[in-house]
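Just so you know, the protein sequences line up as chains X and L, in that order.
If you count by our numbering, then the first sequence holds residues 2 to 117, one letter each, in order.
If you count by our numbering, then the second sequence holds residues 10 to 121, one letter each, in order.
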Amino acid sequence: GAGVSQSPSNKVTEKGKDVELRCDPISGHTALYWYRQSLGQGLEFLIYFQGNSAPDKSGLPSDRFSAERTGGSVSTLTIQRTQQEDSAVYLCASSLIPGSYRYGYTFGSGTRLTVV
Amino acid sequence: GENVEQHPSTLSVQEGDSAVIKCTYSDSASNYFPWYKQELGKRPQLIIDIRSNVGEKKDQRIAVTLNKTAKHFSLHITETQPEDSAVYFCAANKAAGNKLTFGGGTRVLVKP
């Protein structure tokens, strides 16, 4: 696609429910990243996929969070048993070459998650 | 791991004046430093970046400087305009294959 697509754009869920957030990166981009942005805050790294390598999960805040990337393309971030502190904008980004000097991240528009 | 500190957290300038945002990083192995602009309700977008083998880079009204010895880098916006109002994030990472670590962001308000 022309850009990084994320769905849904907004999600309101009840505390304790599971949610799935989807990211469709730019075609051909081998690296995919998930970040979380709480209201008025910075960008918190969650997880990073690069090709067929094992993902870097070092930013996942708890075992309620998991992510997968199928076929080296679409990624799904799953949050189980959601808590109110999970409310944030979840941003996905992709890059042609990881950490490339010529191609920075291209971000999606994000999914705004609200846990009530 | 890498830690990036960004200052100030908010910055208000008069239209036409300059704005400067400063970042420091902890990992001396970091060698790529991009800056992102995020307008209200929109996604962050890359506006300029610099590699460690360069001390300064300019693109029209924006410039970035890097001091590797002191481990800090700065964004300079000259002749600010209302459309420069946004949140700006600095970031750092090591060689290819690693993720970016972002600063906390600077909310810039340009007053007409």
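Even for Gly, the Cβ is constructed at its ideal location relative to N, Cα and C.
Computed from a predicted structure; not experimentally measured.
Return no unless some Cβ of chain L is closer than 8 Å to the Cβ of residue 108/X.
It does; some Cβ of chain L falls within 8 Å.
Would you call residue 37/X buried or exposed, if buried means 16 or more other Cβ atoms sit within 10 Å of its Cβ?
Buried, since its Cβ has 16 or more Cβ neighbours within 10 Å.
Let me confirm a value: residue 70/X is counted as buried when at least 16 other C-beta atoms fall within 10 Å, else exposed. Which label applies?
The C-beta of residue 70/X has 16 or more other C-beta atoms within 10 Å across all chains shown, which makes the residue buried.
Are any of the Cβ atoms in chain X nearer than 8 Å to that of residue 64/L?
No - not a single Cβ of chain X is within 8 Å of the one on residue 64/L.
In this structure, what does DSSP give as the bridge partners for residue 69/L?
Note: residue 69/L sits in no beta bridge, so no partner.
Whole runs of the beta strand (DSSP E) within the region 25–87 of chain X, excluding any shorter than 3 residues
If we require 3 residues or more, the beta strand (DSSP E) runs fully inside the region 25–87 of chain X come out as 32–38, 45–51, 66–70, 76–80.
So, is residue 1/X buried or exposed, given that buried needs 16 or more other C-beta atoms within 10 angstroms?
This structure cannot speak to residue 1/X, because chain X is shown only from 2 to 117.
Since residue 70/L meets chain X, which of its residues come closer than 9 Å, beta carbon to beta carbon?
Neighbours of residue 70/L in chain X, taken as residues whose beta carbon is under 9 Å from its own, are absent, since the nearest beta carbon is some 19 Å off.
Can we say the region 84–100 of chain X touches the region 25–44 of chain X, given the rule of at least three CB pairs closer than 8 Å?
Flag = yes, the region 84–100 of chain X and the region 25–44 of chain X touch.
In chain X, which residues lie with their C-beta within 8 Å of the C-beta of residue 113/L?
Those are 42, 43, listed as they occur along chain X.
Return the residue from the list 94/L, 54/L, 111/L, 21/L that minimises the CA-CA distance to residue 33/L.
Of 94/L, 54/L, 111/L, 21/L, the smallest CA-CA separation from residue 33/L is found for 111/L.
Tell me which residue opens and which closes the beta strand (DSSP E) that residue 108/L is part of.
Segment: none, residue 108/L is in no beta strand (DSSP E) and carries neither H nor E.
Compare the beta carbon distance of residue 6/X and residue 109/X with 8 Å and say whether it is the shorter of the two.
In this structure, residue 6/X places its C-beta atom within 8 Å of the C-beta atom of residue 109/X.
Through-space distance from residue 74/X to residue 28/X, alpha-carbon basis
Rounded to the nearest angstrom, the two C-alpha atoms are 8 Å apart.
Could you work out which residues of chain L lie near residue 46/X, taking near to mean beta carbons separated by less than 9 Å?
Among the residues of chain L, those whose CB is under 9 Å from the CB of residue 46/X are 108, 109, 110, 111, following chain order.
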